[in-house]
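For any residue, its number in my numbering is found by taking its place in the sequence shown, counting from 1, and adding 146. We put the beta carbon where it would ideally sit given N, CA and C, even for glycine. Quick notes on the structure that follows.
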Amino acid sequence: MALLCRHDRVLYLVNVTTPGERQFYVLTLLRKVMLELPDDWTVGLLYDISCQLSRSIDKHGFLEEFADRLVFGVSVFHAYGHNWACQLVFHPRKRDWFGLSDGEGCERFWSAIRRLIPGLRVSGFYRRLYVLDHQVATIQARGLWNLASWLYKRHNEARTRLDAAAARLDNGSIGGIGRVVLAQQWDAQVTAQLKTLPRQSASAGDKAIEDIMLALGRLDELRGERRDARKKLRKVEKLTPNEASEAQARLCEADDEIRRTESSIESMRAALGARAAQRWDALRGDAYLRARINARRQRAVIRASLQSHKFEREKLERSFRRHVMRTLLIPGAYVDG
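As structure tokens, this is what we get:
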């Protein structure tokens, strides 16, 4: 298992002695490289399953002394195999700091040394390490000679794509929307698609009723606060300017929250499918109510899954259509009949 920098230079290698990759290998590599770097550096890691690694670090406290300086992303060619919610968070093209890095340096490195597999399969342990060390040193030396051209090519590619993206954002139908609005809409989309989906429950109806009762209680409290603020403002001549402005601000805040709470209560009542005049206690344990609430939650889960599936397949289908069109446009590239 290898750790490479974004210029595809090998930093560290670890010998895998277990069937398949284990998480402690990548944790060991991360600890090794973080100990060699300044304490104020932030490190971005592109890994095939960075989503699981990030979750393990947060849940179990691995590398806790470095956790706040690590930014995770999933390697580009593996990211499309993850579900859409994971891509929203960990896709390197949707995260800051990663630029056009694809995280596939290890794959290119394995491709460069794969011709050693037949010979090393029957070699001894120390001979295998010796050959690998010399092969890595050769690749490093060769890559150093090509590093300037590599950087030049990547810089030109980044500049070309940046100019194309800026032209698309500033011109045409997209340019009329504006970058600020587009950024706000993207943030709203991410928030909506990462929202926790509702779950079915045997006590779903009772829980919905309890939520409505709590909202009604909160509504009474807000109305009391509004009455107090209005009473205070009636004696405005006895208040200092600061007290008067605070009372006015509390009144405005209470009015806004009352409107939001009333709207929320109406939405929850509509979800129950019951009239507002019905007694809430009589609905507790009702089988129809429980089935209705669970059906609504199941519908929300299905709708979110369909949306995620659509976004996951969109890029693949677009790439497939482009490939088919290119094939059809090349003379002799199709099979007749």
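**Item:** C197, buried or exposed, once every other Cβ within 10 Å from all chains shown has been counted against 16
**Value:** Stepping through the sequence shown from its first residue, residue 197 is reached at position 51. C197 should be labelled buried.
**8 Å contact criterion, which M147 and V162 should meet: CB distance rounded** = For the purposes of this step, residue 147 is identified with residue 1 of the sequence shown, where counting begins at 1. For the purposes of this step, residue 162 is identified with residue 16 of the sequence shown, where counting begins at 1. 5 Å between Cβ atoms; contact.
**Request:** Consult DSSP for R449 and reduce its assignment to one of helix, strand or coil.
**Result:** Looking up residue 449 in the sequence shown gives position 303. Correct three-state label for R449: helix.
**Message:** When you compare the CB of L397 with every CB in chain B, is at least one pair closer than 9 Å?
**Reply:** In the structure shown, chain B does not exist; there is a single protein chain.
**Message:** For the region 221 to 238 against the region 314 to 334, do three or more pairs of beta-carbon atoms, one drawn from each stretch, fall closer than 8 Å, so that the two count as touching?
**Reply:** Pairwise C-beta distances place the region 221 to 238 out of contact with the region 314 to 334, as fewer than three of them are shorter than 8 Å.
**Prompt:** In the structure shown, what three-state DSSP assignment does V160 receive?
**Reply:** For this step, residue 160 is matched to residue 14 along the sequence shown. Secondary structure of V160 (DSSP, three-state): coil.
**Prompt:** Do you know how far the Cα of S202 is from the Cα of R239?
**Reply:** Stepping through the sequence shown from its first residue, residue 239 is reached at position 93. Stepping through the sequence shown from its first residue, residue 202 is reached at position 56. In a straight line, the C-alpha of R239 is about 23 Å away from that of S202.
**A423 classed as buried or exposed, judged by whether at least 16 other C-beta atoms fall within 10 angstroms** = For the purposes of this step, residue 423 is taken as the residue at position 277 of the sequence shown. Residue placement at A423 cannot be trusted, given a pLDDT of 42 that sits under 50; what the coordinates show is reported in the next sentence. Looking at its Cβ environment, which holds fewer than 16 other Cβ atoms inside 10 Å, A423 is exposed.
**Asked** CB R372 to CB I404, shorter than 9 Å?
**Response** In the sequence shown, the residue the question calls residue 372 occupies position 226. In the sequence shown, the residue the question calls residue 404 occupies position 258. Contact: yes.
**Request:** Give the range of the alpha helix (DSSP H) segment to which Y276 is assigned.
**Result:** Here residue 276 refers to the residue found at position 130 when the sequence shown is read from its first residue. From DSSP, the alpha helix (DSSP H) with Y276 extends over 271 to 291.
**Item:** Three-pair Cβ contact test at 8 Å for the region 273 to 285 versus the region 243 to 254
**Value:** Between the region 273 to 285 and the region 243 to 254 there are fewer than three inter-stretch CB-CB distances shorter than 8 Å, so the stretches are not counted as touching.
**Nearest-angstrom Cα separation, counted from E408 out to D374** = Along the sequence shown, read from residue 1 onward, the residue named residue 374 stands at position 228. Along the sequence shown, read from residue 1 onward, the residue named residue 408 stands at position 262. If you take the alpha carbons of D374 and E408, they lie about 20 Å apart.
**Message:** Going by C-alpha to C-alpha distance, which of M414, G219, R396, V327 sits closest to A141?
**Reply:** For the chain, the structure presents residues 147 to 483; residue 141 sits outside this window and is missing.
**Message:** Give me, in chain order, the residues of the same chain whose beta-carbon lies closer than 8 Å to that of E458; leave out the 5 immediate sequence neighbours on both sides.
**Reply:** Along the sequence shown, one-based indexing puts residue 458 at 312. Excluding residues within five positions, the ones whose Cβ falls inside 8 Å are Y226, N229, W230, Q233.
**Asked** Count the other CB atoms within 10 Å of the CB of Y272; is the residue buried (16 or more) or exposed (fewer)?
**Response** Counting from one through the sequence shown, the residue named residue 272 turns up at place 126. By the Cβ-count criterion, Y272 is exposed, with fewer than 16 other Cβ atoms from all chains shown falling within 10 Å of its own Cβ.
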